[in-house]
Each structure stands twice: as structure tokens, then as C-alpha cells.
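Position 4 of the sequence shown, counted from 1, bears residue number 4 in the UniProt record's numbering, the numbering being contiguous throughout.
Built from N, CA and C at the ideal position, the CB exists for glycine as well.
Being a predicted model, the structure only gives us computed values, none of them experimental.
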Amino acid sequence: MKYKGSIKRRLIIIIMSVTLITSFTGYATFLYWYMNNQQNKTVELAQTVGLVLGQDIVKLVLLNDVSFASDITSKLKSFSTLESMVLYKLDEKPVFQYSKDNKSFIVEKLPSNKEIKYILNSNLLKLYINANYQDTHLGFIELNFKIDTIINVIKKDIKALIIILFFMFIVSYILAHLCAKDFTNPILNLVKFLEKIDLVDFIDKRVISNQKNEFGKLYDEVNLMLDRMESSYEAQKIAAVAFETQSGMTITDKNQRILKVNKAFEKITGYTQEEVIGKTPALLKSGLHDREFYFNLYKTLQKDGIWIGEIKNKHKNGNIYNEHLIIQSVLDSNNEPIYYVASFLDITKQKLTEEKLTQREKLLIQQSKMAQMGEMLENIAHQWRQPLSVITTSATGLKVQQEFSVLTNEELIESLDSIVKAAVHLSVTIDDFRNFYKNDKEKKSFNLRVAVEKSLTLLSSKFKNQEIEIKIEVEDIEIYGFENELIQVFINILNNAKDELVKQDNQNRLIYIFAKKEKENISISFQDNAGGIKKELLAHIFENHFTTKEQEDGTGIGLYMSKLIIDKINGEIKASNEMIIYNNKTYEGAKFNITIPLD
1 MKYKGSIKRR LIIIIMSVTL ITSFTGYATF LYWYMNNQQN KTVELAQTVG LVLGQDIVKL
61 VLLNDVSFAS DITSKLKSFS TLESMVLYKL DEKPVFQYSK DNKSFIVEKL PSNKEIKYIL
121 NSNLLKLYIN ANYQDTHLGF IELNFKIDTI INVIKKDIKA LIIILFFMFI VSYILAHLCA
181 KDFTNPILNL VKFLEKIDLV DFIDKRVISN QKNEFGKLYD EVNLMLDRME SSYEAQKIAA
241 VAFETQSGMT ITDKNQRILK VNKAFEKITG YTQEEVIGKT PALLKSGLHD REFYFNLYKT
301 LQKDGIWIGE IKNKHKNGNI YNEHLIIQSV LDSNNEPIYY VASFLDITKQ KLTEEKLTQR
361 EKLLIQQSKM AQMGEMLENI AHQWRQPLSV ITTSATGLKV QQEFSVLTNE ELIESLDSIV
421 KAAVHLSVTI DDFRNFYKND KEKKSFNLRV AVEKSLTLLS SKFKNQEIEI KIEVEDIEIY
481 GFENELIQVF INILNNAKDE LVKQDNQNRL IYIFAKKEKE NISISFQDNA GGIKKELLAH
541 IFENHFTTKE QEDGTGIGLY MSKLIIDKIN GEIKASNEMI IYNNKTYEGA KFNITIPLD
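Here it is, written out as C-alpha cells:
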């Protein structure tokens, strides 16, 4: 909301307006006083004129001596504001008239109403007085005095008025500004504070004031209001969230009777608000959870005030759907539950997606193993070549010696021992490969160094043929987990290193394997000297179906599956390029670092 103007500006305008009105009122009062005073003085002046002319009027009226008219005229000229005069006898006939400018004028009749003492006409004040001499009434006198009009007074005072008003405006503005500042600052401070308490973290803040006036009382009332707001904040928040969120919401009383639901609840469950009010959430039970499940749910809710988990409920149409459910208690001042607020999301599609992803992971793992099977069969051929050669040679030698009758018992036993050892070696090789392809169903403890050696055993013939030297610095560390999955990760990394080393012309083909404990984790690293990975490819090598090899040589599954396996055990796998020194010569190569928790 936009606010027009401000209290401070309005207050200044009001004070200046009051100053202006007061000034005009004061000047109007002055004008009223001035005009009234002028009229009173004119009346007094008229009485003075009557007294001054008393003897001359007697001689003029009683003696009918016109020569005294000039005396009257000369005396009247001394009154500067007197414009004209008419003297009437008792019979109201004029016997003498006077004009300041000696101009003739038409003599008017006396007013018929003798109560009229004066008549104001523009800037002339016409007065009627009795012509008396020593308590003798001789006639009537009409006097016309020139007086200042209101306009004349204003014109005469206009410059002074402007200066005074300007000065008063300046003074009033300064005073108004100072007063307004003292008046509005507490209000503005309060407004700023109240604007801030819209934020949740300000709900527990209070406004501070040392004033002992009405503002101090206002601040106290605001703090009291905030106390009430804070006490009811949780209930207000729950009510607000219930009708704004996309999650299904239910509010129940302490007896778990439904009081309110939102539209998302209706959409997810199929029930309208009218259908569930007064009923319990048991209406939605799917029958797939036993009594112990609900007992533990309510026990946790009573103990902790909140329960979070997944639950299966039944839609109005009978379909089962999965919920991610949060139930929270609303407590009174005695920490007793008065309401329960439940929020839930329909995660049925999410669960189906997770199941599909799980199946896909299993399929990818199987594909990865199948992709490795060809290499493993080749490794088996290499592993079996020597033992089979021993068996063939021993058997052929025995046959020849027997034909020539030169076979001794010692030679027979020695040849048979060689055949048995070769057969045992073949059996061990079969066990190693069979164990690698066997799916781990349960976690178990295994030795990390042994797992590394098993990985190398499966690949030893190829490494030997390609003249790849393996350097191992692995501590004896016990790990609890799935051994074959970790061996698969090792084989993926070792195979990639072998493929890159074969491409190089290095006389020394090296793979370093390090493993040690680091606080609560185990750090395992594989580093080669095959030249490293291109920088632009480093960020993508763990992506599904991403490979740096030719299409017929790589599937892009190995490292992706390795990352999935490490992620599943809350570990981390990273790739980088680092320098390595061997026999005083520096090489660059790829380094894969695996970090997994001890537990």
C-alpha cells in the first residue's frame, strides 16, 4: 500500500495554517477594534463640535443673526475630518449648512425615526446630535465625518502586513519543523519497528522507549500486543500454512477428531471436508500397517511432539497411495496437546520412480558385469594357460616314459604332484571369478588390503602381459559393507588405467594404489602415469554412457556404476590430474580418490 504525504508534512502544514488563521483572526480583530474605536472617537468629536458651536448656534437660531454663520464656518474648518454640517431648528427646517470644500449640496430631511443616531455610508459617518445650550434644546445638528474604511486601513498596512506575515511564516515553519520532529520521530520509529516484525525472527523483539508521556504508553501497548502475537504465533502459522500449501493438511482436536482440512487433502484422498469433519484419520487406513506401527507412531508423537515418516493410506475409491506424513502437536500453556496438525504429500509416483530407478541400477550393474565378463574370460584364459600347459606336459611325459618303460615311481609321483598343483590353481582361479560375480546379499566385515589384492588377482595376467607395474601402499583396514561391489569399483578404475597406459609409449607403466585412515573416513586412491584426462572431460566422466574410448571399446557404464556404488555407502569419488615421480622422472596421470566412512 502506498502512503501519500507524511504526518510530519501534514503537521507542519497544520501548524502554519493555524498560524495564518490566527494572524488573520488577530488582524480582523484589530480592524474591528480600529473601526469601532474610530466610530466612538467620531461620536465624541461630534459632541465636542456641539459644545464648541453652542453660543454661536444660540445667536444664529434665537437672534436670527446670520453674521454668526461665518464664525461657525471658521470654527468648523479646524475639524479636518468633518466634511459637512447642517443645523436644523426644532421645526426641522435647516438654517445653516457647511461644506468643507464650500460646495453646495442638497440638504436631506431629518430621519423620521429619532432613535437613529448615526448612519454609515461608505467612508462617511453621518451623526445626529441635539443642539443644546445650557440645557436648552435649540434644534438638531447633522454632521458628516470622513472615516477610514476597512479597505483603506488594509491598503495602509499592506506592506507591514506582508513583512509581518513573512516573518511569522518563517518562524512558524521553523517551530513547526522542530515540534513535528519531536512529535513524528517516535511515531516513525514505531512504524519502522512494526514493518520489521512482519519477519518471523522479529516476532520476539520489543520496542524500547524512555518517554514517560503518551508515546511511552503507546509503546507499552505495542509491546503488549506483540506479547499476544507471539503467544498465538504458532496457531496462526499453522492456520496460514494449512490453506496456502500444496500439501494435504488436517487439523484435529485432542481426541483426534478432524476439525479442518484443505483443498489439497480433498484432492489427494478423494474425500470432501464435509465427509470427514468429526471423524478420525483412521478413515484413511489402508490395512497394510499393523497395530505396532500405529502404537509407535502415537508414542513418538506424545514423547517428541512430532512424527515424520512414510505411510500407506487408502483413497476414497479404494486405491492405495503412499504418503510422506508429518504430524505435530499444538500445546497449551500447560504443555498439553490441544490440536494435532498433519501435513502430507502424495509420493506414490515418486515411489514408483524410485522402484524403476532401483531396477535400472540393478540392470546397469548387470550390464557392467556382463561388459567385464569378456575381459574376465580373457583373464581366465591367461590364468589357465600355464597350469594347463603343466598338466599337458606332465601327462604327455608320463605316457612317453611308460611306453619306453623308463617311468620310475619317483617320477610318477612328481608328475602327479605337478598335475594336482595345477588343478588346485585352476580351482582357486574359478573360485575367485565365481566370488566376483556372486551378488552380495548381506553386509559383512572384510579387509581392504585383501579386497585390493583380489582385484589385482583378477587382472594380474593382463597387467603382466602389458608390463604394467603395480605399487601398493594399503593399510590393513577392516571395512563393514559389500566387498564385491567395492572390488567392482576397483576393477573399473584399474581397467581404465590399463587401457590408457597401453596407449602410451612410456617405458615405465605404473599404477600406484594408496589407502589409509583419515579421522572417521578411509581414503583410497589410484594413480597412473598415462598422461591424465582432458580438462574439459573431467566434469563428465562419471555420467551415464559417457566414455573417452572408441565406441567399440567402451560402454560408458563402468565409472557411472562406480559412482552409484560409492554414493550408496555415503562415500565420495573424485577424479583429477596430478604429477607423479618415478625413478627421478616426472609423469602426469589421472588420480581417482575414493573417500568412504569407516562405519
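6 Å CB neighbourhood of Ser562 in its chain, flanking five on each side removed: Correct list, in chain order: Val489 and Asn492.
Beta carbon of Phe145 nearer than 8 Å to that of Asn130: One thing to note: Phe145 has its Cβ no nearer than 8 Å to the Cβ of Asn130.
Reference Thr392; option with closest CA among Gln402, Phe404, Asn409 and Ser415: Measuring from the Cα of Thr392, the nearest candidate turns out to be Ser415.
Distance between Ser112 and Tyr88 (C-alpha atoms, nearest Å): Roughly 14 Å between the two C-alpha positions.
Coil, strand or helix - Val261 by DSSP: For Val261, the three-state secondary structure derived from DSSP is strand.
Distance CB(Ile511)-CB(Ile573) smaller than 8 Å: Not closer than 8 Å, so no.
Pairwise C-alpha distance: Phe295 and Ala264: Just so you know, the alpha carbons of Ala264 and Phe295 end up roughly 27 Å apart.
Boundaries (first-last residue) of the beta strand (DSSP E) holding Ala515: Note, Ala515: beta strand (DSSP E), Arg509 to Glu518.
In DSSP terms, what Gln97 is bridged to: Listed as beta-bridge partners of Gln97 by DSSP are Val86.
Presumed contact (8 Å Cβ cut-off) between Asn577 and Ala590, rounded CB distance: About 6 Å; that satisfies the 8 Å criterion.
Closest residue to Ser23 among Gln55, Phe169, Asp220 and Gln246 (Cα-Cα distance): Checked all of Gln55, Phe169, Asp220 and Gln246; the closest Cα to Ser23 is Phe169.
Nearest-angstrom Cα separation, counted from Tyr128 out to Leu138: Rounded to the nearest angstrom, the two C-alpha atoms are 14 Å apart.
Chain-order list of residues whose beta-carbon lies under 6 Å from that of Ala395 (same chain, five-residue window excluded): Here the set comprises nothing.
Residue interval of the alpha helix (DSSP H) (run including Phe490): For Phe490, the enclosing alpha helix (DSSP H) starts and ends at Glu483 to Lys503.
Nonlocal neighbours in the same chain, by C-beta distance under 8 Å from Thr586, ignoring five residues either side: If we look at Thr586 and ignore the five residues flanking it on each side, its Cβ neighbours are Met579 and Ile580.
Reduced DSSP category for Leu20 - H, G, I as helix; E, B as strand; rest coil: In the structure shown, Leu20 falls within a helical segment according to DSSP collapsed to helix, strand and coil.
Burial state of Val276 (16 or more Cβ within 10 Å): Taking a 10 Å sphere around the C-beta of Val276, we find 16 or more other C-beta atoms and assign the residue as buried.
Opening and closing residue of the alpha helix (DSSP H) in which Lys59 lies: Counting along the chain, Lys59 sits inside the alpha helix (DSSP H) bounded by residues Gly54 to Val61.
C-alpha distance - Asp528 paired with His315, whole-angstrom precision: Using only the alpha carbons, I get a separation of about 58 Å.
Residue 621, DSSP secondary structure in three states: The structure shown does not extend to residue 621, since the chain is modelled only from 1 to 599, so the question has no answer here.
Touch test, the region 92 to 107 against the region 11 to 27, Cβ-Cβ under 8 Å, three pairs minimum: Here the region 92 to 107 does not lie against the region 11 to 27, with fewer than 3 beta-carbon pairs under 8 Å apart.
Local conformation of Gly532 per DSSP, three classes: In the structure shown, Gly532 sits in coil (DSSP, three-state: anything other than H, G, I, E or B).
Status (buried if at least 16 other CB within 10 Å, exposed otherwise) for Ile12: Burial call: buried.
DSSP bridge partner residues for Tyr560 (one or two, in chain order): Among the bridge pairs identified by DSSP, Tyr560 is matched with none.
Ordered list of beta strand (DSSP E) runs contained in the region 264 to 314, each at least 3 residues: Counting only runs of 3 or more, we get 306 to 314.
Among Asp346, Thr81, Phe167 and Ile119, the one whose alpha carbon lies nearest that of Ile147: In terms of CA proximity to Ile147, Thr81 leads the group Asp346, Thr81, Phe167 and Ile119.
Closest by C-alpha distance to Asn37, when choosing among Glu83, Thr149, Lys75 and Phe79: Sorting Glu83, Thr149, Lys75 and Phe79 by C-alpha distance to the C-alpha of Asn37 places Thr149 at the top.
In DSSP terms, what Tyr321 is bridged to: Within the DSSP bridge table, the entry for Tyr321 names Asn313 as partners.
Within 8 Å, strictly: CB atoms of Gly309 and Ser329: Here Gly309 is not near Ser329, since their CB atoms are 8 Å or more apart.
Same chain, Cβ closer than 6 Å to Asp71, five either side skipped, listed in chain order: Hits under 6 Å: Asp56.
Inter-stretch contact at 8 Å, needing at least 3 Cβ pairs: the region 525 to 545 / the region 453 to 462: No: the two stretches stay apart, fewer than three of their Cβ pairs being nearer than 8 Å.
Beta-carbon proximity check, Asn521 vs Ile596, cutoff 8 Å: With respect to Ile596, Asn521 sits close: the two C-beta atoms are nearer than 8 Å.
Backbone CA spacing between Ser343 and Gly318 [nearest angstrom]: Looking at the backbone, the Cα of Ser343 and that of Gly318 are separated by about 21 Å.
For Lys351, the nearest candidate out of Met35, Asp332 and Lys312 (CA to CA): The shortest C-alpha separation from Lys351 is found at Lys312.
Reduced DSSP secondary structure (H/G/I, E/B, other) of Phe166: The answer is helix: DSSP assigns Phe166 an H, G or I state.
Supposed contact pair Ile251 and Tyr339 - C-beta distance, whole angstroms, cut 8 Å: Contact flag correct, Cβ pair sits at about 6 Å.
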